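Below you'll find the structure, written out as structure tokens, and then a few comments.
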Amino acid sequence: MNIKDFFSRKKEQFNDEEFIDQLETHRRNKRIRYILIALIILVVVISNFIYQKTRVYKTVKEVSSVEIQNGFGSKYTGYGDMLVKYSEDGVSYLNRKQAIWNQAFEMKSPIVDTCGDYVVVAEQGGTEIYLFDDKGLVNKTESNFPIVKIEVAKQGVVAMILEDAHTNYIDLIDKEGKQLVTSKTDLASNGYPLDFSISEDGTKLAVSYLYASGGVMQSKVLFYNFSDVGQNEVDRMVGGFNQYSSTIVPTVEFLNNDVCACIGDNIITIYSIKQKPSIEFEAEITDEIEKVCYSSSYIGLVLKNTDNQHKEKNRVVVYNTRGKEVMSEYIDDLYDEVKIVENCIFTYNKNDFRIITFSGQEKLKHSFNEDVVDIVPISLRTYYVVTNEKVKCVKLK
6 MNIKDFFSRK
16 KEQFNDEEFI
26 DQLETHRRNK
36 RIRYILIALI
46 ILVVVISNFI
56 YQKTRVYKTV
66 KEVSSVEIQN
76 GFGSKYTGYG
86 DMLVKYSEDG
96 VSYLNRKQAI
106 WNQAFEMKSP
116 IVDTCGDYVV
126 VAEQGGTEIY
136 LFDDKGLVNK
146 TESNFPIVKI
156 EVAKQGVVAM
166 ILEDAHTNYI
176 DLIDKEGKQL
186 VTSKTDLASN
196 GYPLDFSISE
206 DGTKLAVSYL
216 YASGGVMQSK
226 VLFYNFSDVG
236 QNEVDRMVGG
246 FNQYSSTIVP
256 TVEFLNNDVC
266 ACIGDNIITI
276 YSIKQKPSIE
286 FEAEITDEIE
296 KVCYSSSYIG
306 LVLKNTDNQH
316 KEKNRVVVYN
326 TRGKEVMSEY
336 IDDLYDEVKI
346 VENCIFTYNK
356 NDFRIITFSG
366 QEKLKHSFNE
376 DVVDIVPISL
386 RTYYVVTNEK
396 VKCVKLK
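Per this note's numbering, the sequence shown starts with residue 6, numbered consecutively.
The following block contains the structure:
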């Protein structure tokens with residue numbers, strides 16, 4: 006190797022090493038930039054979370070409204086992010102600007118339930134059943150006996166308790182009105198059904214029965230499964246619980262597809278029902294239960310105050326679906342209605358409403374200059390405010 010070749014190879018080696026160093030520096034700087042960008046995004050997300058969690062609203066802003074006819078005596082319920090209005094004369098589906106469809110009927114005591122895309126309307130003590138979706142009437146049918154209670158699942162399956170002179174029936178029909186299940190309940194054996202609830206997918210049913218034992222009125226809760234899980238069980242009953250020997254259970258509610266809450270006079274039970282039911286949580290309630298509210302994630306109890314240190318106040322206790330207590334606060338000015346919206350308690354009456362977080366922070370206290378018939382929450386920031394003449398969509402500011 007001559008001297009020229011030697012120095013040429015050294016130069017190439019030097020250039021290769023310099024290039025590698027530059028490449029490593031570039032890669033290191035790129036990693037640092039990515040890390041900085043990720044940290045900035047994380048800080049923004051955390052800051053926004055803290056801001057939204059601690060944010061206090063000052064007022065409400067009307068974003069749209071629709072005039073309503075025959076509003077006196079009407080009731081309302083949320084349907085997706087829209088609204089269903091119903092009365093003795095009929096039912097309407099409203100968006101933020103107009104009525105999408107109307108259905109006239111005559112019912113002395115209409116009862117309404119919504120789930121997913123479906124709305125069911127029936128007359129309590131009557132036999133007429135109307136099933137709707139967002140386009141209008143899907144099916145009209147009649148039950149064989151007077152209706153005590155009715156619910157709908159997300160695929161249009163309708164469950165109902167029917168009442169005869171000495172017998173009750175639990176019937177399930179599909180959205181075409183075809184009978185899927187009928188279960189006869191003898192009052193002398195099972196007792197009288199106080200309340201029931203069907204799961205979102207229409208496969209599970211929980212029923213609270215009132216019966217007499219030793220001259221004492223008490224409750225039991227039975228669970229039915231209409232999927233393959235219950236096909237080999239008698240009457241598809243997959244579990245029964247009669248620990249309510251000294252209480253009556255008037256409230257049964259599926260919070261989501263696999264969790265059911267039962268509220269007695271002095272007890273709360275949360276059941277897990279992925280296939281067959283088991284008790285997830287149970288607690289005795291020593292104070293009188295005045296109101297019950299729930300969402301898909303929480304169940305809340307408004308308890309009558311017996312603490313002399315907190316006069317003129319009520320205690321609100323909220324549990325998650327596992328029974329963990331996420332709120333226990335004394336609240337004054339509780340108003341007439343109580344609902345759970347996301348991780349807040351929402352209370353209102355005909356002139357005022359208030360939003361309180363589970364930690365007890367007041368996010369909003371607002372008064373209206375007109376009488377309010379109902380307020381239906383759509384999200385934490387969006388509500389339908391109903392008067393006898395108008396439905397207003399408002400947002401918190």
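From the three backbone atoms N, C-alpha and C, an ideal C-beta is built for every residue, glycine too.
Just so we're clear, the structure is a prediction, and the values are computed from it rather than from any experiment.
What does the Cβ neighbour count give for residue i, buried or exposed, with the cut at 16 atoms within 10 Å?
i, result
"T352", "buried"
"F77", "exposed"
"Y39", "exposed"
"L41", "exposed"
"V68", "exposed"
"M112", "buried"
"V221", "exposed"
"E168", "buried"
"I45", "exposed"
"K397", "buried"
From the options, pick the residue whose C-alpha is nearest to that of residue i; which is it?
i, options, result
"I155", "D118, Y81, V89", "D118"
"D240", "K279, V254, E289, I175", "I175"
"E285", "S372, I294, Y324", "Y324"
"S300", "Y340, D94, V264", "V264"
"P115", "N262, K90, Y388", "K90"
"K318", "E295, I134, T326, K329", "E295"
"S92", "D86, R101, T82, N100", "T82"
"A158", "L192, G244, E287, I178", "I178"
"V186", "E375, I203, A193, N195", "I203"
"S364", "I350, N374, G219, F373", "I350"
"V234", "G130, K66, K281", "K281"
"F201", "L260, Y340, G182, E147", "L260"
"Q160", "K140, Y123, G130", "Y123"
"N310", "S194, T291, K183, V297", "T291"
"E238", "N262, S188, D206", "S188"
"G328", "V125, E289, I361, E293", "E289"
"G85", "N34, E293, I383", "I383"
Would you please state the rounded distance, in angstroms, between the beta carbons of residue i and residue j? I believe it to be under 8 Å.
i, j, result
"K225", "Y216", "7 Å"
"L136", "V163", "6 Å"
"V346", "L385", "5 Å"
"Y389", "V381", "4 Å"
"K370", "E72", "Their Cβ separation, rounded to whole angstroms, is 28 Å, which puts K370 and E72 out of contact at 8 Å."
"E181", "N149", "Not quite, the Cβ-Cβ distance comes to about 17 Å (not below 8 Å), so this is no contact."
Are residue i and residue j touching if we call contact CB-CB under 8 Å?
i, j, result
"V61", "K355", "no"
"I152", "A127", "yes"
"W106", "G141", "yes"
"G95", "A109", "yes"
Exercise. Mind the definition here: the stretch 263 to 281 touches the stretch 330 to 338 only if three or more C-beta pairs lie below 8 Å; say whether that holds.
Key: no
Self-check item: Cβ contact check for the stretch 250 to 257 and the stretch 227 to 239: 3 or more pairs under 8 Å
Solution: No, because fewer than three Cβ pairs between the stretch 250 to 257 and the stretch 227 to 239 fall closer than 8 Å, the two stretches do not touch.
Practice problem: Could you say if the stretch 292 to 311 and the stretch 243 to 250 meet the contact criterion of at least three C-beta pairs nearer than 8 Å? | Solution: no
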